[in-house]
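Asks: End of the sequence shown = 320 in numbering that gives the first Met the number 0, gap-free, step of one. In this text, a Cβ means the ideal position worked out from N, Cα and C, and glycines have one as well. Just so you know, these numbers come straight off a predicted model, no measurement behind them. Mind looking over this structure? Questions follow.
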Amino acid sequence: MSMTGLTNTIGPGAETPTFPAVSIGGDVPDYFALLKPRVMVLVIFTALVGMVVSHGHVQPAIGVISLLMIAVGAGASGCLNMWWDADIDAVMTRTAKRPIPDGRIRPDEALSFGLVLSVGSVLVLGLAANWLAAGLLAFTIVFYAVIYSMWLKRATAQNIVIGGAAGALPPVIGQAVVSGSVGIESLVLFAIIFIWTPPHFWALALVKAGEYAKAGIPMMPNTAGPQSTRRQIIYYSVLLCPLGLAPVALGFGGLLYGVVGLLGGLGMIAFSIQVFRNREGEAEKRAAMGMFGFSILYLFLLFSALLAEQGLGLFRPVMGA
């Protein structure tokens, strides 16, 4: 593979992308866009929750620096993902205006930017917090940028399932920052995000199946078919409901969290059933995008409840827990 250009090969039958002329050096907003800022916000949020559920204390300055470095590391992996995926981004409508396929930033510039941020974020986190947290951040970057982006995404319909591990690791890194170890709390949060990821992304993939096919990406609706994808969305949602309540059973989720987890989990199941029932036209699109949108709300409310209980002192034990 070339480290300075776009020599990736998109899947069989995919369109051959064409790139506009690239000017040297993009603007600051272009570089910021390479970091996938919306993903960075989610990473900061889930890492913060991983920190507050930990049994320990960290100086505020170290906590802030650590969260910033976790966010930068996540942004770096997003940048490397955009560098590698620029060929398929160019043929998909929703990604064609990203900085590299749109010609605002050269591939080699994006690669250098991502590598510098990757190394810098890991080193600073190790020096500010501890090397376990830094090692976990390095593993996350490599897993997302190399294992997922360069291999799984184009090789298997299980790309989202396995690759979801990268997006689920921030709470584990957060706990490592505070306690210098990995505990059951962050592992449970990891499991929740890991199981949440497939129904979340497959709902979108049902709507964008044509674009993924055009780019040659073997997403589940294009390989196993839409109906099999709908069934798997239900399976994962059913599994997610009790898993989401695990913090209550383990004693670090209280009454507020339990109510949010139960109602949200039932909501995920209800939306997944709607996706299964609505299989054509606009009804299918509405159901799938409804599932996609609700899944984001579910994860946000679930982690917000933990943050409120553990960080703001609102914890109230559930009777019998």
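1) Does DSSP put Q273 in a helix, a strand or coil?
2) Tell me which residue opens and which closes the alpha helix (DSSP H) that Q174 is part of.
3) Kindly indicate which residue of G25, V141, I161 has the alpha-carbon position closest to the one of A109.
4) Taking the C-alpha atoms as reference points, what is the distance between V171 and V177?
5) Tell me whether W82 is buried or exposed, calling it buried when 16 or more other Cβ atoms sit within 10 Å of its Cβ.
6) Going by DSSP in three states, V317 sits in which element: helix, strand or coil?
7) Which residue wins for smallest C-alpha separation from S117, given the options L311, P198, Y143, M149?
8) For M91, name the three-state secondary structure that DSSP assigns.
9) Is there contact between the region 246 to 253 and the region 279 to 287, where contact requires at least three CB pairs shorter than 8 Å?
10) Let me confirm a value: G306 is counted as buried when at least 16 other C-beta atoms fall within 10 Å, else exposed. Which label applies?
11) How big is the Cα-Cα spacing for L188 and G49?
12) On a Cα-Cα basis, can you pick out the residue from V317, D88, V123, R97 that is closest to A248?
13) Do three or more CB pairs link the region 85 to 103 to the region 35 to 54 at distances below 8 Å?
14) Taking the C-alpha atoms as reference points, what is the distance between A204 and A60?
15) Out of curiosity, what's the CA-to-CA distance linking H54 and L262?
16) Identify, in the order they occur along the chain, each residue of the same chain with its Cβ nearer than 7 Å to the Cβ of V121, setting aside the five sequence neighbours on each side.
17) Please report the straight-line C-alpha distance between P197 and G113, rounded to a whole angstrom.
18) Ordered along the chain, which non-local residues of its own chain (more than five positions away) have a Cβ less than 7 Å from that of A164?
19) Below 8 Å, how does it come out for the region 263 to 277 and the region 179 to 188: are there three or more Cβ pairs, yes or no?
20) Can we say the region 75 to 90 touches the region 221 to 229, given the rule of at least three CB pairs closer than 8 Å?
21) Please list, in chain order, all residues of the same chain as I64 whose beta carbon is under 6 Å from its beta carbon, the five residues on each side excluded.
22) Suppose you measure from the CA of W195 to the CA of S294; what does that come to, to the nearest Å?
23) At what residues does the alpha helix (DSSP H) containing H199 begin and finish?
24) Out of Q174, D88, Q58, which one is the CA nearest neighbour of A214?
25) If we ignore side chains and look at the alpha-carbon of each, how far apart do Y147 and N158 end up?
26) Whole angstroms are fine: how far does the CA of Q309 sit from the CA of T45?
27) In chain order, what residues of the same chain lie with their CB nearer than 7 Å to the CB of A75, ignoring the 5 residues before and after it?
28) Report the CB separation of S236 from I268 in whole angstroms; it is logged as a contact under 8 Å.
Replies: The structure says:
1) helix
2) 169 to 178
3) G25
4) 10 Å
5) buried
6) coil
7) Y143
8) coil
9) no
10) Here residue 306 is Leu; the residue named in the question, Gly, does not match the sequence. Buried, by the Cβ-count rule.
11) 8 Å
12) V317
13) no
14) 40 Å
15) 28 Å
16) G72, A133, L136, A137
17) 26 Å
18) F142, F193
19) no
20) no
21) A127
22) 8 Å
23) 183 to 206
24) D88
25) 7 Å
26) 13 Å
27) G113, L116, S117, S120, I140
28) 5 Å
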